[in-house]
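K.L.:
Residue numbers (the numbering used here), protein chains in the order written: chain L, 1 to 115; chain C, 1001 to 1234.
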């Protein structure tokens, strides 16, 4: 019984794999160039997101799937984005009334004792 | 009576070979057609994966928060991790994703033994990942006293207390990921057994496809863990 295959073919898988390996080499190379922390994080994350997208679209076949699957695959990352909003809470805890310069995040004031 | 049974059994045999008549093979009653059933399976699996994204997401968020608070601690502590080993493990997992995808393709095209071979290679690669992770990374760290707790020893310049945070996150996140790798290996082993026995539940490729989705998700988690722990700027 041979079935018609809707999704990717082995050729696509091998091409995607080759790109993933190149991206892995690239991310390690960028790390060893000893850039500043900002550029190191920026490059590492851009490459990681690209790799994840390639895996989701081709290995997980979302590219070949129905619109409903696209929505579902995207939802997880959208919710993760919402959850990331928690960082705003942490960052704003040290804001003080009537001033525009918040305390640095390390020195979150402890609540006043009741003694 | 005997002839009726014989007739029924012939029908069953014909049915199993899937001559296209009305009711499709491997199609449950509640679905209109194969496409609808496939979509339900895949969306169901993605729903599970969304909960997994949030599960790991909480840990990634904790990581991010402490990295914002103590950037230098992360930079110092990450030198205790060997990026070469992380890179090797990324390579191993990427390759296992390839063999998994090829396994799913083999299942789609109805090649049972090729499917089994690819699943087996995927399990071997998963085992290699765990050997590198536990044997070459976790065990030496345990010997060096880098497990957070009362015996934590850290000669880093900045702050040993906060370095424990880094190593706590490292062990929690790679540990949770490692458990997912183990579960993946268990599922694939069961699949191999069922396919080898040619059980009806795995004659259609969807169970292999869904295992593939899970496995690629495990790969994606590692794709983010690797740069976040091993490739923090120098």
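Just so you know, even glycine gets a beta-carbon here, dropped at the ideal spot from N, CA and C.
It should be emphasised that the depicted structure is a prediction, and the values quoted were computed from it without experimental measurement.
With distances taken from CA atoms, which of C:1027, C:1065, C:1051, C:1161 is nearest residue 89 of chain L?
P.N.:
Here the closest residue by C-alpha is C:1065.
K.L.:
For chain L, check one thing: does any of its Cβ atoms lie closer than 8 Å to the Cβ of residue 1050 of chain C?
P.N.:
yes
K.L.:
Can you tell me whether residue 1070 of chain C is helix, strand or coil according to DSSP?
P.N.:
coil
K.L.:
Decide if residue 1096 of chain C is buried, meaning its Cβ has at least 16 other Cβ atoms within 10 Å, or exposed.
P.N.:
Residue environment for residue 1096 of chain C: buried (at least 16 other C-beta atoms within 10 angstroms of its C-beta).
K.L.:
Below 7 Å between beta carbons is the criterion; list the residues of the region 63-94 of chain L that meet it against any residue of chain C, in chain order.
P.N.:
65, 66, 68, 69, 72, 73, 75, 76, 77, 79, 80, 83, 84, 86, 87, 90
K.L.:
Give me the chain C residues within the contact set of residue 52 of chain L, using Cβ-Cβ distance strictly less than 8 Å, ordered along the chain.
P.N.:
1220, 1223, 1224
K.L.:
What residues in its chain sit with their C-beta under 6 Å from that of residue 59 of chain L, if we drop five residues either side in the sequence?
P.N.:
none
K.L.:
Keeping to the same chain, check which residues put their C-beta closer than 6 Å to that of residue 1212 of chain C; ignore five residues upstream and five downstream.
P.N.:
1100, 1104
K.L.:
Taking the alpha helix (DSSP H) that residue 1033 of chain C belongs to, which residues open and close that run?
P.N.:
Taken as a continuous stretch (DSSP letters only), residue 1033 of chain C belongs to no alpha helix (DSSP H), as it is neither H nor E.
K.L.:
Using beta carbons (cut-off 8 Å, strictly below), is residue 40 of chain L in contact with chain C?
P.N.:
Chain C, which has a Cβ nearer than 8 Å to the Cβ of residue 40 of chain L, makes this yes.
K.L.:
Would residue 1042 of chain C count as contacting chain L if we go by Cβ distances under 8 Å?
P.N.:
yes
K.L.:
Can you name the residues of chain D whose CB is closer than 7 Å to the CB of residue 1180 of chain C?
P.N.:
The displayed structure is made up of protein chains L and C, and chain D is not among them.
K.L.:
Would you call the region 7-14 of chain L and the region 54-74 of chain L touching, i.e. three or more CB-CB distances under 8 Å?
P.N.:
yes
K.L.:
Does the count of Cβ pairs from the region 1167-1184 of chain C and the region 1138-1148 of chain C closer than 8 Å reach three?
P.N.:
yes
K.L.:
Could you tell me whether any Cβ in chain L is nearer than 8 Å to the Cβ of residue 1066 of chain C?
P.N.:
Any Cβ of chain L closer than 8 Å to the Cβ of residue 1066 of chain C would place that residue at the interface, and such an atom is absent.
K.L.:
According to the Cβ coordinates, are residue 1125 of chain C and residue 1191 of chain C closer than 8 Å?
P.N.:
Cβ distance not < 8 Å, so residue 1125 of chain C and residue 1191 of chain C don't count as in contact.
K.L.:
Roughly how many angstroms lie between the CA atoms of residue 1230 of chain C and residue 1163 of chain C, to the nearest whole one?
P.N.:
Rounded to the nearest whole angstrom, the CA to CA distance from residue 1230 of chain C to residue 1163 of chain C is 15 Å.
K.L.:
Would you mind giving the Cβ-Cβ distance between residue 1178 of chain C and residue 1133 of chain C, rounded to the nearest angstrom? I have them listed as a contact below 8 Å.
P.N.:
6 Å
K.L.:
Quick check on residue 1151 of chain C: buried or exposed, where buried means 16 or more other Cβ atoms within 10 Å of its Cβ?
P.N.:
exposed
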